[in-house]
Amino acid sequence: MPEDDLDGVWKALSDGTRRSILDLLRQGPRSTTELVEALPHLSRFGVMKHIEVLRAAGLIHTRDERRQRINSLNVVPIRAIYERWVGRFEELWSSHLLRIKDDAEAKGRAEAPAKTKRPSHQG
Numbered sequence: 026m027p028e029d030d031l032d033g034v035w036k037a038l039s040d041g042t043r044r045s046i047l048d049l050l051r052q053g054p055r056s057t058t059e060l061v062e063a064l065p066h067l068s069r070f071g072v073m074k075h076i077e078v079l080r081a082a083g084l085i086h087t088r089d090e091r092r093q094r095i096n097s098l099n100v101v102p103i104r105a106i107y108e109r110w111v112g113r114f115e116e117l118w119s120s121h122l123l124r125i126k127d128d129a130e131a132k133g134r135a136e137a138p139a140k141t142k143r144p145s146h147q148g
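Just add 25 to wherever you are in the sequence shown, counting from 1, and you've got the numbering used here.
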């Protein structure tokens with residue numbers, strides 16, 4: 026996915042309502058009516074405007090099924106963001122975190138109280 030194509034994805038993801046719609050679709054495809062019912066603070070028109078922004082960004086697919094429009098999540102743009110912004114740093118961060126873990130464990134072993142000998146009973 027070319028870099029310029031991600032601009033629309035970032036814009037779409039910048040809105041909390043659109044992220045809520047994506048969270049709903051992450052659970053599985055839903056009709057537009059189901060999305061409207063899940064967001065009672067918005068009008069049907071408002072939800073449809075958000076769906077259109079998500080569709081234009083390529084984040085959702087919509088298909089007609091009988092008399093309903095079924096919306097489903099498209100993970101490809103999200104994966105493109107992950108590969109560009111997270112994947113490159115994943116190895117770097119994991120190696121740093123492992124080093125911190127090793128240092129903390131080594132320090133913990135060094136600070137652990139030495140086992141004291143039990144005094145022998147002399148009778």
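Glycine included, each C-beta is placed from N, C-alpha and C at the ideal position.
These numbers come from a predicted model, not from an experiment.
Run of the alpha helix (DSSP H) containing residue i, from where it starts to where it stops
| i | result |
| --- | --- |
| Leu47 | Gly41 to Arg51 |
| Leu38 | Leu31 to Leu38 |
Given residue i as reference, the closest of the options once Cα atoms are compared
| i | options | result |
| --- | --- | --- |
| Phe70 | Thr57, Arg88, Asp127 and Ser45 | Thr57 |
| Asp30 | Gln93, Glu77, Glu130 and Ala105 | Ala105 |
| Leu47 | Val78, Lys132 and Pro65 | Val78 |
| His75 | Ile103, Asp40, Lys126 and Arg92 | Asp40 |
Three-state secondary structure assigned by DSSP to residue i
| i | result |
| --- | --- |
| His66 | coil |
Same chain only: Cβ atoms within 8 Å of residue i, ignoring 5 sequence neighbours per side
| i | result |
| --- | --- |
| Asn99 | Gly83, Leu84, Ile85 and His86 |
| Ala81 | Gly33 and Ala37 |
Contacts around residue i, its chain only, beta-carbon distance under 7 Å, and the 5 residues preceding and following it disregarded
| i | result |
| --- | --- |
| Pro54 | Ile95, Asn96 and Ser97 |
Short CB-CB distance (under 7 Å) between residue i and chain B
| i | result |
| --- | --- |
| Leu64 | The structure shown contains no chain B, having only a single protein chain. |
Chain-order list of residues whose beta-carbon lies under 6 Å from that of residue i (same chain, five-residue window excluded)
| i | result |
| --- | --- |
| Arg88 | Ile95 |
message: Threshold first: 3 residues or longer. Then list the beta strand (DSSP E) segments lying entirely within the region 67-135, N to C.
response: 85-90 and 93-98
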